[in-house]
Each structure stands twice: as structure tokens, then as C-alpha cells.
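Peer 1:
2 protein chains.
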Amino acid sequence: MEEQLTQVKKASLELATLSLQQRNQALQSIASELEASRVELIEANQQDLDAGKSSLSQAMYSRLVFDDSKIDNLIAGIADIREMKDPIGEVTLQRELKPGLELKRVSTPIGVIAIVFESRPDVAVQIGSLLLKSGNAGVLKGGSEARHTLQAIESVVARATSRHDFVPANWLSFIQTREDVSELLAYEKYIDLVIPRGSNQLVQSIMSRTKIPVLGHADGICHIYLDEDYDQKEALEIVSNSKLQSPGTCNALETLLIHQLRFDDFKKALAQHSPEIELIEKPKSWSIEYGSAQLAIKSVESLSSAIDHINTYGSHHTDAILTQNSSHQERFLAEVDSGNVFVNCSTRHSDGFRYGFGAEIGISTSKIHARGPVGLEGLVSYKYQLRGKAHLV
Amino acid sequence: MEEQLTQVKKASLELATLSLQQRNQALQSIASELEASRVELIEANQQDLDAGKSSLSQAMYSRLVFDDSKIDNLIAGIADIREMKDPIGEVTLQRELKPGLELKRVSTPIGVIAIVFESRPDVAVQIGSLLLKSGNAGVLKGGSEARHTLQAIESVVARATSRHDFVPANWLSFIQTREDVSELLAYEKYIDLVIPRGSNQLVQSIMSRTKIPVLGHADGICHIYLDEDYDQKEALEIVSNSKLQSPGTCNALETLLIHQLRFDDFKKALAQHSPEIELIEKPKSWSIEYGSAQLAIKSVESLSSAIDHINTYGSHHTDAILTQNSSHQERFLAEVDSGNVFVNCSTRHSDGFRYGFGAEIGISTSKIHARGPVGLEGLVSYKYQLRGKAHLV
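Protein chains in written order, with the numbering used here: chain B, 1 to 393; chain R, 1001 to 1393.
Here is the structure:
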């Protein structure tokens, strides 16, 4: 593995010097090669589907499907990524330190980024395209149930980019086994950033095993605090949308905090409005991500208690207040220590696409580097360039 | 320790809500209290100096001194920090996602930052002031040889800020022993960032023991590549300044790469120009930070070999090229993978003060979060605020 990573590291240094035009050309080739390789890709995927038919859950099986419509989406996604503004080479600071001594801060690729993802094999193309756009080399590890599909994707991408002399071989490298991941996580010398995309268990297991910076989030324990004054009908709609619109996603609601004066009444109304929600008044813990129609509810005596609860038991992902009281709105936005803090809307808005970032790399609950939904700009670093005329100190 | 860190974490949430005016008031009180406590501070320092007289090296002893002129500098430094623009509450992105659904990205404090430093006790005041300005709580650990001075500083700062109801107690907490540091480094739950300031050994030992993000650099293995065409006299001045002006600092030159066609000649000229530099042609390793007048030198056959050498053996801190060839300048700036890349000037310019950032938190060789010299903006994160009118997904 060290030999493989040395190659990727070397490729990253070359990739960092490509022009926007070169990177966009290579992206275009990936799109064309996907188009030309539909049969190959779908046949490979069929092998994985056949092998997984009896062993995979229905949800996993459907995520594994890589069909024409997935390929259409990927090709459209690459067109979007080509349109995006160049994240590299942006001058974010410029000043003359002394006469003739010019300082610039310029955005650069990060280097080598490892992505470990589960199930959906199309993620490999999506992420690969974002890495290429931002001049980063990558090491990808997908789910073993998608083995054949991923091998086909690997060879499609390699064929596409090898058509351009300027794209270094090995810029996108694949690893296969869990043991490979363990080994990879020890190589902080070659890997600059790890992005896990998958279940809490996956993310937590990666975070606990590496000193390489990790971009991501383990839990999405999202809250709504329903204040004293907010319209009941609107509150019912927002709570129901936040919990039920897609219960398995990280920005779905897990705990509803209700002002004590309306707790009983709202609980009853919610049970009528959304009978499919299973209300839990005495959860085993206030830090559970149900990922289902279950919803923990609690009566709180004030805004302060709600904020305390969220900062104590939450996962700093996405939390919302429903209130007309503008000083309560501002306190909540300022005091809740989460990457996404909302007023009077569904927690489900917390998403890179909805924020207008285009493709999303992931959602980070760290406060270092990138926080919240992370788009292309989470894949860049910067360097200081200083141009002088024999200046001494 | 967990109890102490819980308190600091709690304080960080309160501190994050202070206005700029409140933070500046508290800074002013620290300056006034330093002024009023000169005798107390200098007496405490005298105890440390007496205790260290026989055991400390001269360099360590002189760094330990905390006298009137150090206090003057600190008071002037606090005045500068008060003048700085508020790093918190800056809106760095604003857009309407749907009619009435307003997204803002706002800069926020990071939370709790631990700083582990060696020797110079005045660092505690400097760092404490930067933390306060940026709304961050802190845990500080200084050198044990400065024990009495640090205790006096702790009590001066606590007296000063406790005068303001709005400043939470425990916002700046001190720990004492190496064992405390080890314990601290395991509490990623309470500490958002660790900044080590001191020797390579200190930094490396901290980086190897924690999963908390670390801002800093272990080695400063800085290079100059002298190209074929650059003026000899200017090159001698720049090399000499980079190596000798302050050999112990991280931005001092450690390895000089010379184009093969002028290697012998330049070596001879350098020996005459700066006889105090000890030239080393066969170093044990190309990754040594001498921190002294020793300088590794090597003949390279081209710009590409120089760049390869630097990317392979350097520490990604600060590297310079001396050349009039503008395409060589641009290739060096683009291809050398370091936080600071220079053309035709001394490596010693790599410094937050010289870059105009005001007080420097440290220099980072990581590519995640902050890179290069880090000022106040390295102490901030951000959050997304979304204000809606009952918007659903």
C-alpha cells in the first residue's frame, strides 16, 4: 500500500498544476466515457445485484442499483461541475509588505483525499469529479457489495483521463478491503484528509482510528424547539416535514422540545396530525438518532433550558426554533452551538444542494476547516506566495 | 480535570455571545490590571529566575525573564488587539434560497482552544488576549520553570475579567503538569483545537498523542534553490540573512540547493562571505532542522530536481527560489507544496507580524483549516443561519 500511496501523492503534486481548462477537459472525457460504457457498467452492476439479491436489505439493494438513469444523473452532474467557478488559484489576500515585496494568498488543492463510502457506487464518480475539479488526488474505498460496479467505474475513469497526457496516472486510486482502510488510516504522511460517507458506525470507526483530519459527521441528532407563541398549524407542518419527509437522513428531526405551557396540547395535536410519528417521552438517552418515525419529545420551561438541552445532548448538526419572538430567534441563532441553526423552517433544509453549493462533499460537524454542508470550497487549502527583489529581514 | 473542562466548555458558550464592545472592555481591564500589578508579577518572576538560575540554559533563562519591558510590550500588544477588526459575526455568504428563506454564513468562535507552550510566560497573556478578542475560551499550560510567573498572570487576568459580570468565570483556565496535558489531549469532547508552541519535540509529542485537531508545525526545514542566473552578490546576502539572522527560528534556512553549473563557485563565495556558516555537504539526512549556523548544501541538476527535493525532504513550511527566470519563478510558486513559497527574498519573512496579521497564533504546516502564519482568523469557525417563514422541504 505504501507504494500505491506514494504514487497517488506524486500524482497530487502534478494534478495541482493543471489549468482549469485542462481539468474541465478531463471531466468532459469522463462524461463521454460514461456515455460510451453504459453496457459495460450496467453489466458489471448486474453481477453485484445478482450476488446481493438474497443477502442485502431492500434499502441496500436499491442503493446498489447503477442503471441508465443513474448514469444520466452522473453525466448531468459532471456538466454542472464543469460550469462551476474554479476553486483553485483564487487570490484571497494581496498586500505589499515593503516596496517591491508582494504577498498573495492563493487557494490550492489540499493534496490527497481519501473517501470511504458505503453502498451507492455512483458516489465514486461524483466524488472523483469533484476531486478532479479541485485538483485533488484521491483514494476511494466503496462497499464490497458493489465490487464489480466499482471496478468498472475505475476502469472507465482511468480510460477517460489517460487520454490526456497532462493528467497523471494514479490520480484516482481504489482500495478494496477493510484491512486496506485500516492500513490507509495510519498513513498521515500521504493522506491529507479523510471523508467518510455512510452510517454513524462507519464514521465513528474511522474517526476513532486515525490522526488524519476527518471531514464529516457521525450523528445527526437534530432538534426543534417550539416556543410559546408559534402558530400551531405551521408548527405541526414543520415538525412533520422535519421528521417524516426522509427519516433516515442526517438532517431529520430526532428530538422535539416544547414549551411547557403548550406541551400537552401540542402533543395531542401532533398525534392527530401525524399518527405515523411514534412519540417517545422517556427515551433511554437524549442523544439517539432514530432514523425512523420515532421522535423523542420533552417539555422545557424556557428558551434557556431548550438551548442547554441542545448544546448538551445534540450533535451540533442542525437545530431549529419555531417562534415569532425576535429576541428569542436571535438568542437561539447565537447561542446554539451547531453548524446549522434555523428559525421557522424545516431541519431538512440543511443540505449543500439546497444551500446552492452544487454537489455536496458531506456535512461536517467539526469546527475546524469546513463546517455544515461542504461544497467544493471544502476541498481547498491555500498557500502564501511572496515575490521580492532581494529583500532581507 | 473533566469537571474543569466542563466549566471551560460552558464558559465558551457564554463567551461566544459577547459583543465586540464587551470583549474590548475586558481586554482593556487586562491591560490596566497588568499595569497595576507590575510589582506582583516581577516578584513572582524573580522566584522563577532564582530557582532556574543554576539549572536553565542561558537561552531558556533569558526567555523566562518577565520584566517591565515585557509588560510594556504586552500592554501595547493588547492595545493593538483592541484595535483589530472583529473576527466574529462577519457575514461571509448570504443568499435567499426561496422567497422568504434567508441563508447567512456567519463567523463564530471555535469554542475551547488548548495552548501548550514552553518557556516565555508572556505568551500566556498574548494568547489569552487573542482568545478573548475572538470569543474563545482557553486552557493554557506553560513551562514548569515559569510556575510562579504563570500563577501571577493567571490571577491578574482573573481579577481583571471578573470585574465584568458578562465575562464567564473559567473562560481562561490553567493546567500545571505534563500529566495534565496527557489527560487533556484525550478530551476531544471538550477541546476543539490544540496549539502547541515550542520545540519540535513538544509539537511532535502532542500531535502523536491526540485526535484533537492540532494547529502548528513540528519542523521548519526551509530551503533556498539558487537557480543558474541569479545575481551572486544578492544571493549571498539572501542566503546569509536566511541562515544567520535568527538561526533558531522555524523560518531559518536549513538546506541550500544550488544549480550544478554554479555549485563549486557559489560554495567558495559563500564560505568567504559568511565564514560563520558551517557548510555540510553530506548530511546524515536531508530532513534535519539544525537551528544553528550549520547549513546543508547540495548540487541539483535542474529546477525540477530542486522542486522534487523540497517536496520530498522539506516540511512544507517556507521555501524560496532565487532566479530572474519568470517561468521558473511561477513553476516554483505553483509546484512547491509548502505553506509559504518565496521568490527572491529571505525565508525569514515568513511571519504573521511581517505579513501584517498582527499577533501571530503560530505557523501551520497543515493544509486543513489554517496554513502558514496564522493570525486571529485562524481562531474562528462559522455557522449557517437560516431564517424562514414556515418553509418545508
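Note that beta-carbon positions come from the ideal geometry of N, C-alpha and C, so glycine has one too.
Secondary structure at N1136 (chain R), three-state DSSP: helix, strand or coil?
Peer 2: One-based indexing of the second sequence puts residue 1136 (chain R) at position 136. It is coil, neither helix nor strand.
Peer 1: Of all the beta strand (DSSP E) runs that stay within the bounds of the region 1302-1358 of chain R, which reach a length of 3 or more residues?
Peer 2: Segments of the beta strand (DSSP E) lying fully in the region 1302-1358 of chain R: 1318-1322, 1340-1345.
Peer 1: Classify N1340 (chain R): buried if its beta carbon has 16 or more other beta carbons within 10 angstroms, exposed otherwise.
Peer 2: Within the second sequence, the letter at position 340 stands for residue 1340 (chain R). So N1340 (chain R) ends up on the buried side.
Peer 1: Looking at the strands, I want to know which residues DSSP matches up with E102 (chain B).
Peer 2: Walking along the first sequence from the start, residue 102 (chain B) turns up at place 102. E102 (chain B) is bridged to B:E96, B:R387.
Peer 1: Within a Cβ cutoff of 7 Å, which residues of the same chain sit near G1135 (chain R), ignoring the five residues on either side of it in sequence?
Peer 2: Numbered from its first residue, the second sequence carries residue 1135 (chain R) at position 135. Cβ neighbours of G1135 (chain R) beyond the five flanking positions: L1015, A1016, L1018, R1023, I1088, P1109.
Peer 1: Any Cβ of chain B within less than 9 Å of the Cβ of G1111 (chain R)?
Peer 2: Taking the first residue of the second sequence as position 1, residue 1111 (chain R) is located at position 111. Answer yes: the Cβ-Cβ gap between G1111 (chain R) and chain B drops below 9 Å somewhere.
Peer 1: Distance, Cα to Cα, L172 (chain B) vs I1127 (chain R)?
Peer 2: Within the first sequence, residue 172 (chain B) is the residue found at index 172, counting from 1. Within the second sequence, residue 1127 (chain R) is the residue found at index 127, counting from 1. About 42 Å.
Peer 1: Of all the CB atoms in chain R, is at least one closer than 9 Å to the CB of H259 (chain B)?
Peer 2: By 1-based counting over the first sequence, the position of residue 259 (chain B) is 259. Not one chain R Cβ lies under 9 Å of H259 (chain B).
Peer 1: At which residues does the alpha helix (DSSP H) containing H273 (chain B) begin and terminate?
Peer 2: Position 273 of the first sequence holds residue 273 (chain B). Where H273 (chain B) is concerned, the enclosing alpha helix (DSSP H) stretches over 263-273.
Peer 1: Tell me which residue opens and which closes the beta strand (DSSP E) that I78 (chain B) is part of.
Peer 2: Stepping through the first sequence from its first residue, residue 78 (chain B) is reached at position 78. No beta strand (DSSP E) contains I78 (chain B), which is instead part of the alpha helix (DSSP H) from 68-83.
Peer 1: On the DSSP letters alone, give me the boundaries of the beta strand (DSSP E) that V194 (chain B) sits inside.
Peer 2: Here residue 194 (chain B) refers to the residue found at position 194 of the first sequence. 193-197 is the extent of the beta strand (DSSP E) around V194 (chain B).
Peer 1: Compare the beta carbon distance of G1138 (chain R) and V1112 (chain R) with 9 Å and say whether it is the shorter of the two.
Peer 2: Translated into the one-based positions of the second sequence, residue 1138 (chain R) becomes position 138. Translated into the one-based positions of the second sequence, residue 1112 (chain R) becomes position 112. Yes, the pair counts as a contact, with Cβ atoms nearer than the cut-off.
Peer 1: Quick check: is the beta carbon of D1080 (chain R) nearer than 9 Å to any beta carbon in chain B?
Peer 2: Here residue 1080 (chain R) refers to the residue found at position 80 of the second sequence. Closer than 9 Å: no.
Peer 1: Using a Cβ-Cβ cut-off of 7 Å (strictly less than) and excluding sequence neighbours within five positions of N170 (chain B), which residues of its own chain qualify?
Peer 2: For this step, residue 170 (chain B) is matched to residue 170 along the first sequence. Excluding residues within five positions, the ones whose Cβ falls inside 7 Å are Q7, V8, A11.
Peer 1: State the CB to CB distance for the pair E1237 (chain R) and A1296 (chain R), rounded to an integer number of angstroms; the pair is presumed to be in contact (CB under 8 Å).
Peer 2: Working through the second sequence from its first residue, we reach residue 1237 (chain R) at position 237. Working through the second sequence from its first residue, we reach residue 1296 (chain R) at position 296. In fact, because the Cβ distance is near 20 Å, the residues do not count as touching under 8 Å.
Peer 1: Between V1194 (chain R) and R387 (chain B), how many whole angstroms is the CB-CB distance? I'm expecting something under 8 Å.
Peer 2: Residue numbering aside, residue 1194 (chain R) sits at position 194 when the second sequence is read from its first letter. Residue numbering aside, residue 387 (chain B) sits at position 387 when the first sequence is read from its first letter. About 34 Å; that fails the 8 Å criterion.
Peer 1: For L150 (chain B) and F174 (chain B), which I take to be in contact (beta-carbon distance under 8 Å), what is that distance rounded to the nearest angstrom?
Peer 2: As a position in the first sequence, residue 150 (chain B) is number 150, starting the count at 1. As a position in the first sequence, residue 174 (chain B) is number 174, starting the count at 1. L150 (chain B) to F174 (chain B), Cβ: 6 Å. Contact.
Peer 1: Between E188 (chain B) and T323 (chain B), what straight-line distance do the alpha-carbon atoms span, to the nearest angstrom?
Peer 2: Your numbering for residue 188 (chain B) matches position 188 in the first sequence. Your numbering for residue 323 (chain B) matches position 323 in the first sequence. C-alpha separation (whole angstroms): 46 Å.
Peer 1: Counting only beta-carbon atoms, is G388 (chain B) nearer than 9 Å to chain R?
Peer 2: Taking the first sequence and counting its residues from 1, one reaches residue 388 (chain B) at position 388. Yes, G388 (chain B) lies at the interface with chain R (some Cβ there is under 9 Å from its Cβ).
Peer 1: Do you know whose CA, among B:I277, B:A252, B:Y313, B:L215, lies nearest V116 (chain B)'s CA?
Peer 2: Position 116 of the first sequence, counted from the first residue, corresponds to residue 116 (chain B). Selected option, being the one with the closest Cα: B:L215.
Peer 1: What residues in its chain sit with their C-beta under 7 Å from that of R1163 (chain R), if we drop five residues either side in the sequence?
Peer 2: The residue labelled residue 1163 (chain R) in the question sits at position 163 within the second sequence. Result list for R1163 (chain R): S1029, in chain order.
Peer 1: T161 (chain B) and L130 (chain B) - do their beta-carbons sit closer together than 9 Å?
Peer 2: As a first step, residue 130 (chain B) must be located in the first sequence, where it is residue number 130. As a first step, residue 161 (chain B) must be located in the first sequence, where it is residue number 161. Cβ distance not < 9 Å, so L130 (chain B) and T161 (chain B) don't count as in contact.
Peer 1: Just checking: is the beta-carbon of K268 (chain B) within a distance shorter than 9 Å of some beta-carbon in chain R?
Peer 2: Here residue 268 (chain B) corresponds to residue number 268 of the first sequence, with the count starting at 1. Cβ-Cβ to chain R under 9 Å: no for K268 (chain B).
Peer 1: Just by C-beta distance, which residues in the region 334-367 of chain B are closer than 8 Å to chain R?
Peer 2: If the cut-off is 8 Å between Cβ atoms, the region 334-367 of chain B has A334, E335, D337, S338, G339, N340, V341, F342, V343, N344, C345, S346, R348, H349, S350, R354, Y355, G356, S366, K367 near chain R.
Peer 1: Would you call the region 221-232 of chain B and the region 309-318 of chain B in contact, with 3 or more CB pairs under 8 Å?
Peer 2: Short answer: they touch.
Peer 1: How close, in whole Å, do the beta carbons of H309 (chain B) and S338 (chain B) come, if the pair is a contact with beta carbons under 8 Å?
Peer 2: As a first step, residue 309 (chain B) must be located in the first sequence, where it is residue number 309. As a first step, residue 338 (chain B) must be located in the first sequence, where it is residue number 338. 12 Å between Cβ atoms; not a contact.
Peer 1: Since H217 (chain B) contacts I363 (chain B) with CB under 8 Å, what's their CB separation in whole angstroms?
Peer 2: Residue mapping note: residue 217 (chain B) aligns to position 217 of the first sequence, counting from 1. Residue mapping note: residue 363 (chain B) aligns to position 363 of the first sequence, counting from 1. Right, their Cβ atoms sit about 5 Å apart.
Peer 1: Give the residues of chain B in contact with P1213 (chain R), contact being defined as C-beta atoms less than 7 Å apart.
Peer 2: Reading the second sequence from its first residue, position 213 is the one you call residue 1213 (chain R). Those within 7 Å of P1213 (chain R) in chain B are P213, I368.
Peer 1: For N1241 (chain R), go through chain B and note every residue whose CB falls closer than 7 Å to its CB, in chain order.
Peer 2: Within the second sequence, numbered from 1, the residue matching residue 1241 (chain R) stands at position 241. Near N1241 (chain R) (Cβ distances below 7 Å), the residues of chain B are L392, V393.
Peer 1: Output needed in chain order: residues of the region 1089-1107 of chain R with a Cβ under 7 Å from some Cβ in chain B.
Peer 2: Cβ contacts with chain B: R1095, L1097, L1101, L1103.
Peer 1: Using a beta-carbon distance cut-off of less than 7 Å, what residues from the region 1308-1325 of chain R approach chain B?
Peer 2: Listed in sequence order: N1311.
Peer 1: Any idea if L5 (chain B) is buried or exposed, counting beta-carbon neighbours within 10 angstroms, 16 or more meaning buried?
Peer 2: As a first step, residue 5 (chain B) is located in the first sequence; it is residue number 5 there, counting from the start. Its Cβ being crowded by 16 or more others within 10 Å, L5 (chain B) is buried.
Peer 1: Using the beta-carbon count (16 or more within 10 Å), is A1031 (chain R) buried or exposed?
Peer 2: Translated into positions along the second sequence, residue 1031 (chain R) becomes position 31. By the neighbour-count rule (16 or more Cβ atoms within 10 Å), A1031 (chain R) is buried.
Peer 1: Assess, as a yes-or-no matter, whether the region 1073-1090 of chain R is touched by the region 1357-1375 of chain R under the definition of 3 or more beta carbon pairs within less than 8 Å.
Peer 2: Contact between the region 1357-1375 of chain R and the region 1073-1090 of chain R is present, because at least three Cβ pairs lie under 8 Å.
Peer 1: Can you find a CB in chain R that lies within less than 9 Å of the CB of I238 (chain B)?
Peer 2: Sequence index remark: in the first sequence, residue 238 (chain B) carries index 238 (1-based). Yes, because at least one Cβ of chain R sits closer than 9 Å to the Cβ of I238 (chain B).
Peer 1: Measuring alpha carbon to alpha carbon, tell me which of R:Q1260, R:R1262, R:L1256, R:S1287 ends up nearest E1278 (chain R).
Peer 2: As a working mapping, residue 1278 (chain R) is identified with position 278 in the second sequence. Comparing Cα-Cα distances from E1278 (chain R) to each of R:Q1260, R:R1262, R:L1256, R:S1287, the minimum goes to R:L1256.
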